[in-house]
Amino acid sequence: IFCEFAIFHFILFLKKFIMVSSDGWIDFIAGWCSGGAAVIACQPIDTILTRLQAGAFSHSQVSASSSHGSSFNPRSAAKGLVSNFGMSSLWRGSSAMISAVPLQNALLMSGYGIGKRWSEKNTPDKVYLGVFWGGCCGGVLQSFLMSPVELIKVEQQVIGTSALSATRNVAKGFLSPKNGAWRGLGATLLRDGLPHGVWFLSYEYAKTSLEERAKLGSNSGTSVTIPLFSGAFAATVAWIVGYPFDLIKTRIQAGGNMGIIDTAKQLVQESNGRVILGLYRGFTLKLVRAIPASAIGFFV
Numbered sequence: 088i089f090c091e092f093a094i095f096h097f098i099l100f101l102k103k104f105i106m107v108s109s110d111g112w113i114d115f116i117a118g119w120c121s122g123g124a125a126v127i128a129c130q131p132i133d134t135i136l137t138r139l140q141a142g143a144f145s146h147s148q149v150s151a152s153s154s155h156g157s158s159f160n161p162r163s164a165a166k167g168l169v170s171n172f173g174m175s176s177l178w179r180g181s182s183a184m185i186s187a188v189p190l191q192n193a194l195l196m197s198g199y200g201i202g203k204r205w206s207e208k209n210t211p212d213k214v215y216l217g218v219f220w221g222g223c224c225g226g227v228l229q230s231f232l233m234s235p236v237e238l239i240k241v242e243q244q245v246i247g248t249s250a251l252s253a254t255r256n257v258a259k260g261f262l263s264p265k266n267g268a269w270r271g272l273g274a275t276l277l278r279d280g281l282p283h284g285v286w287f288l289s290y291e292y293a294k295t296s297l298e299e300r301a302k303l304g305s306n307s308g309t310s311v312t313i314p315l316f317s318g319a320f321a322a323t324v325a326w327i328v329g330y331p332f333d334l335i336k337t338r339i340q341a342g343g344n345m346g347i348i349d350t351a352k353q354l355v356q357e358s359n360g361r362v363i364l365g366l367y368r369g370f371t372l373k374l375v376r377a378i379p380a381s382a383i384g385f386f387v
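Under the working numbering, residues 88 to 387 are what the sequence shown spells out, in order.
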């Protein structure tokens with residue numbers, strides 16, 4: 088979500104200063120450059136996080152007594168991956184994610200525009216509601232692309248399948264709704280739908296509030312720091328809402344045969360009945376991954 092926030096405003100910046108015949112062309116170039124760079128830089132963290140979510144690390148890397156999380160050491164996990172599979176193992180799944188960036192952004196922004204215009208037409212006096220519905224629509228629309236793409240990524244990161252083999256496996260499963268390319272789609276919709284609405288709404292609220300305080304001379308921020316702080320706040324709030332579904336999605340895509348509710352119950356059971364610890368395993372690492380993604384998105 089941090090990455091999408093940066094991409095969104097990078098696109099808006101280009102629209103102000105570059106005169107071209109098609110806004111879609113700007114979306115394509117800006118989104119692919121900033122999104123691709125963010126994927127390359129942050130993929131090692133994502134690989135470690137995905138393997139943690141999927142339960143792919145050994146008990147020596149994740150303490151059983153801490154319910155798979157509180158004593159997890161990302162550095163030792165990375166060293167173990169490099170030692171066993173080579174440096175390139177940290178970038179597993181990056182090709183699929185980079186390839187999907189342009190279409191993902193197009194779907195997100197198209198869905199955002201559709202939802203926002205629909206809300207403005209029906210409730211023109213409720214600006215924030217339009218932002219919320221726009222984010223929800225964009226998140227739902229992009230889910231149908233990102234679910235199979237992330238299935239390819241997860242298969243590479245957790246199982247170690249090559250990019251070509253993982254892509255073939257997913258492509259063959261497009262006609263199988265249960266165990267094919269759409270495995271984890273339900274959790275992906277829950278992760279990307281409502282949380283994107285929360286993200287857009289939280290960002291707009293924080294930005295407006297900081298801008299108003301800045302106008303009053305309280306030195307709450309500048310034209311650069313305001314969107315950065317607003318984006319950080321919005322992404323944190325959105326991930327608080329959506330992270331459990333991200334964890335569940337990864338577990339299902341990594342080979343789980345259970346549904347969303349049963350997977351959630353299993354995660355809680357693995358954490359000795361502690362709901363928060365079970366459903367937010369790896370949450371801190373998720374936020375750590377988002378910080379460099381945001382920075383890269385702004386300065387590429």
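Ideal Cβ positions, reconstructed from N, Cα and C, are used throughout, including at glycine.
Identify which residue in the options has its Cα closest to the Cα of residue i.
i	options	result
glycine 271	His283, Leu281, Gly284, Val257	Val257
phenylalanine 320	Ala293, Gln353, Ser175	Ala293
lysine 336	Thr275, Ala322, Val375	Thr275
phenylalanine 370	Gly346, Val328, Gln356, Gly200	Val328
serine 234	Ala377, Thr350, Gly267	Gly267
glycine 142	Arg376, Leu281, Leu366	Leu366
leucine 139	Cys129, Asn160, Trp205	Asn160
lysine 259	Leu238, Gln229, Asp279	Leu238
alanine 125	Ala164, Lys240, Val188	Val188
phenylalanine 261	Phe231, Lys208, Asp279, Gln243	Phe231
glycine 346	Ser170, Ser163, Trp269	Trp269
isoleucine 339	Trp205, Val241, Ala128	Val241
valine 218	Leu374, Ala301, Thr295	Thr295
isoleucine 201	Gly343, Gln191, Gly225	Gly225
threonine 254	Ile246, Val236, Gln244	Val236
serine 181	Gln243, Cys120, Glu207	Gln243
glycine 284	Lys302, Ala322, Thr312, Arg300	Ala322
glycine 273	Phe287, Gly221, Val245, Phe332	Phe332
alanine 325	Leu281, Gln356, Val311	Leu281
Helix, strand or coil for residue i per DSSP?
i	result
alanine 125	helix
serine 145	Low local confidence applies: a pLDDT of 49 at serine 145 is under 50, so the model's placement there is unreliable, with the coordinate-based value given in what follows. Here serine 145 sits in coil by DSSP.
methionine 196	helix
glycine 225	helix
leucine 303	coil
glycine 284	helix
glycine 180	coil
arginine 270	coil
aspartate 133	helix
serine 230	helix
leucine 262	coil
aspartate 212	coil
asparagine 160	coil
serine 317	helix
glycine 173	coil
Inset, instruction - Report yes or no: do the segment 163 to 179 and the segment 124 to 140 share at least 3 C-beta pairs separated by less than 8 angstroms? - result: yes
Legend entry - Three-pair Cβ contact test at 8 angstroms for the segment 232 to 250 versus the segment 311 to 320: no
Inset, instruction - Identify every run of the alpha helix (DSSP H) within the segment 327 to 386, keeping only runs that are complete inside it and at least 4 residues long; order them along the chain. - result: 347 to 357, 362 to 366, 370 to 386
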